[in-house]
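Its first residue numbered 12, the sequence shown is counted upward by one per residue in our numbering.
Think of the CB as a built atom: it goes at the ideal place given N, C-alpha and C, for glycine as much as any other residue.
Reading through the structure tokens given below for one structure.
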Amino acid sequence: MVEDSGHNDVVVDSQSVEEWLLRAQELVPVALKKAREVKGFPGRWKMIISKLEQIPSRLSDLSSHPCFAKNALCKEQLQAVSKTLNEAIELSEICVKEKYEGKLRMQSDLDALAGKLDLNLRDCGLLIKTGVLGQVTFPSAVASSSSEPEAATHSNTRELLARLQIGHLEAKHRALDALVELMKEDEKNVLVVLGRSNIAALVQLLTATSPRIREKTVTVICSLAESGSCENWLVSEGVLPPLIRLVESGSAVGKEKATISLQRLSMSVETARSIVGHGGVRPLIEMCRIADSVSQAAAACTLKNISAVPEVRQTLSEEGIVKVMINLLDCGILLGSKEYAAECLQHLTSSNDDLRRSVVSEGGIRSLLAYLDGPLPQESAVGALRNLVGSVSAESFVSLGLLPRLVHVLKSGSLGAQQAAASAICRICSSTETKKLVGEAGCIPLLVKMLEAKANGAREVAAQAISSLMTLSQNCREVKRNDKSVPNLVQLLDPSPQNTAKKYAVSSLAALSTSKKCKKLMISYGAIGYLKKLTEMDIPGAKKLLERLERGKLRSLFSRK
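So, in structure tokens, the structure goes:
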């Protein structure tokens with residue numbers, strides 16, 4: 012966990028980086044000599060001495076880098092090391108003279124000194140590891156007039172990202188401020204130079220004790236997640252647990268940004284599973300119950316993404332997702348929340364009988380029907396209702412007013428919504444009575460028109476619905492009366508593998524073939540040629556229909572003679 016540090020930044024002065032290196036190198040032997048003279052607190056001083064002994068090699072690594080003198084971070088790091096060495100000398104002198112205020116206070120000061128030495132050693136290593144020393148830092152005035160402004164921008168961005176990994180927390184706080192502003196102005200350049208180590212540093216800052224640090228860090232991470240360029244790095248560096256904790260107990264801004272981040276990351280099936288595994292479902296459901304509009308919509312979308320993964324649906328159910336989504340359908344703050352709730356219910360009811368029964372018992376059917384009366388996309392709500400056919404009787408659906416709503420969707424909905432509506436009609440046509448009611452509701456002309464759709468799936472489900480409805484004589488007569496029925500159905504005899512509506516077209520045309528007029532139309536639109544190929548493919552009913560049309564063609568030929 013990242014902890015706040017109490018000391019202030021070292022003030023940059025006019026001395027060169029070489030002079031600061033010399034000062035630090037001179038202070039090390041002094042600090043070691045003084046530390047070895049201390050008799051009290053032997054365990055703590057032994058640990059401090061071991062860390063002091065590592066400093067020369069780290070300084071050597073820094074100073075041997077080709078760009079050592081050209082990067083401002085080197086100078087700042089040497090100032091920090093020098094300040095810590097001076098503190099070590101000061102504390103050792105106090106211990107030698109035994110003039111400290113209290114034993115516990117000195118123990119605390121020595122622990123803090125050991126922590127600062129650890130930080131200095133780590134940061135010196137990171138300056139080399141991050142590669143930032145290979146980039147020359149341009150002052151802002153020079154950068155703006157540089158002949159290579161993009162290179163200067165990249166260099167400054169790399170330095171800024173490196174500052175997230177080195178120094179104490181207050182310095183990182185200022186680096187985050189600058190990074191937030193930079194991403195607002197030029198997110199593209201930040202993404203160009205972003206590396207995995209920078210992602211790891213940001214994820215680590217999500218656990219800082221400072222709420223301000225966490226809030227600004229999650230703002231940056233939210234931008235990175237929404238950019239769609241580094242989701243895998245974020246997840247692999249462990250971003251999910253701290254994001255979930257922020258959803259649970261962060262500030263209002265922190266909760267919102269964390270939820271939006273999870274929304275984007277949950278588009279991956281693997282990440283959606285991981286969110287469930289890390290205990291993310293309950294806080295997201297709670298956000299749907301009590302959050303403000305943006306956070307509520309983001310939480311609903313995240314849960315919708317998670318519900319697309321079949322094996323986690325039972326876990327979602329156990330956390331109470333069905334009731335929450337139905338409530339969102341009824342009174343979600345944003346329209347988007349309602350839409351995500353409808354999609355979530357469609358996923359939940361797609362394959363699980365227990366979840367279907369749960370949706371029905373919680374009053375989900377009425378809420379879904381009411382949703383269809385609104386201005387939102389209808390496909391998911393119709394799909395959810397289609398999934399629920401069978402959990403209650405088709406007659407119950409009809410009595411609740413499903414048919415006029417399906418007619419409305421077939422008239423004015425998107426193609427996906429129309430396809431879902433046609434599929435729902437297929438499912439409710441389980442009895443003579445419901446088939447009669449569907450026909451009387453005015454669905455048949457709309458389904459015939461849908462046979463002209465460009466999407467194979469839409470044509471198939473429309474043909475299936477017509478085939479089912481035509482088993483009732485009055486519906487069959489209505490199909491016959493429609494001038495587009497025969498030409499549209501004949502077109503669906505196309506033998507190509509992409510055409511999945513063939514068998515339903517054969518079935519419907521067979522029902523129409525009792526009419527001489529319809530037979531003549533079938534022949535004139537080329538049905539015989541199609542049926543010969545379908546007969547070779549063993550499509551059910553194709554051979555019988557072909558024989559009937561060929562007999563009619565022969566009779567017509569003889570009568571003309």
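- For Val400, the secondary structure class from DSSP, reduced to helix, strand or coil, is strand.
- Judged by DSSP secondary structure, Gln26 falls outside any alpha helix (DSSP H); it is assigned neither H nor E.
- Judged by their CB atoms, Arg55 and Ala125 are nearer to each other than the 8 Å cut-off.
- Residue environment: Gln26 is assigned as exposed (fewer than 16 neighbouring CB atoms within 10 Å of its CB, all protein chains considered).
- DSSP assignment within the stretch 468-523 yields the following whole alpha helix (DSSP H) runs of 4 residues or more, N-terminal first: 484-492, 496-502, 513-523.
- Counting along the chain, the unbroken alpha helix (DSSP H) around Thr228 starts and ends at 222-238.
- With contacts defined by Cβ atoms closer than 8 Å, Ile455 and Glu489 form a contacting pair.
- Counting along the chain, Thr282 sits inside the alpha helix (DSSP H) bounded by residues 280-288.
- The Cβ atoms of Pro294 and Ile255 sit closer than 8 Å to each other.
- In the structure shown, Met548 adopts coil according to DSSP, grouped into three states.
- Exclusion of the five residues before and after Ile271 leaves Cys233, Ala309 as the residues of its chain whose Cβ lies within less than 6 Å of its Cβ.
- When the beta-carbon positions are compared, Leu213 and Pro253 stay at least 8 Å from each other.
- With distances taken between CA atoms, Ser361 lies nearest to Ala319 out of Ile337, Ala319, Ile60, Ser285.
- Counting other Cβ atoms within 10 Å of its Cβ, Lys127 reaches 16 or more and is therefore classed as buried.
- In terms of CA proximity to Gly249, Ser285 leads the group Ser285, Glu259, Val280, Ala263.
- Contact between Leu411 and Gly450 is absent: CB atoms are separated by about 19 Å, not below the 8 Å threshold.
- Runs of alpha helix (DSSP H) with 4 or more residues, each lying fully within the stretch 405-478, are found at 405-410, 413-423, 426-439, 443-451, 454-461, listed in chain order.
- Residue range 263-276 is occupied by the alpha helix (DSSP H) that includes Thr270.
- Burial check for Asp122: the Cβ neighbour count within 10 Å stays below 16, so the residue is exposed.
- Annotation: the continuous alpha helix (DSSP H) that includes Asn209 extends over 207-216.
- In terms of CA proximity to Gly540, Leu557 leads the group Thr511, Thr282, Leu33, Leu557.
- Fewer than three Cβ pairs drawn from the stretch 404-420 and the stretch 366-373 lie within less than 8 Å of each other, which leaves the two stretches out of contact.
- For Leu345, same chain residues with a beta-carbon under 8 Å away, outside a window of 5 residues either side, are Ser304, Val305, Gln307, Ala308 in chain order.
- For Ser240, the closest of Gly347, Arg368, Val203, Ser119 by C-alpha to C-alpha distance is Val203.
- At the C-beta level, Val191 and Ile100 stay beyond 8 Å of one another.
- Looking at Ala433, Ser404, Val280, the one whose alpha-carbon comes closest to that of Pro415 is Ala433.
- By a beta-carbon distance limit of 8 Å, Leu366 contacts Arg324. Their separation comes to about 6 Å.
- Cβ-Cβ separation between Ala553 and Ala512: approximately 13 Å, too far for a contact (criterion under 8 Å).
- Residue environment for Gly385: exposed (fewer than 16 other C-beta atoms within 10 angstroms of its C-beta).
- Using a Cβ distance threshold of 8 Å, Val497 and Gly537 do not count as a contacting pair.
- Collapsing the DSSP output to three states places Ala46 in a helix.
- Inter-residue distance for Leu417 and Ser208 is about 54 Å (C-alpha atoms, whole angstroms).
- Secondary structure at Leu175: coil, using DSSP grouped into helix, strand and coil.
- The three-state reading of DSSP puts Leu32 in helix, counting H, G and I together.
- For Gln389, the three-state secondary structure derived from DSSP is coil.
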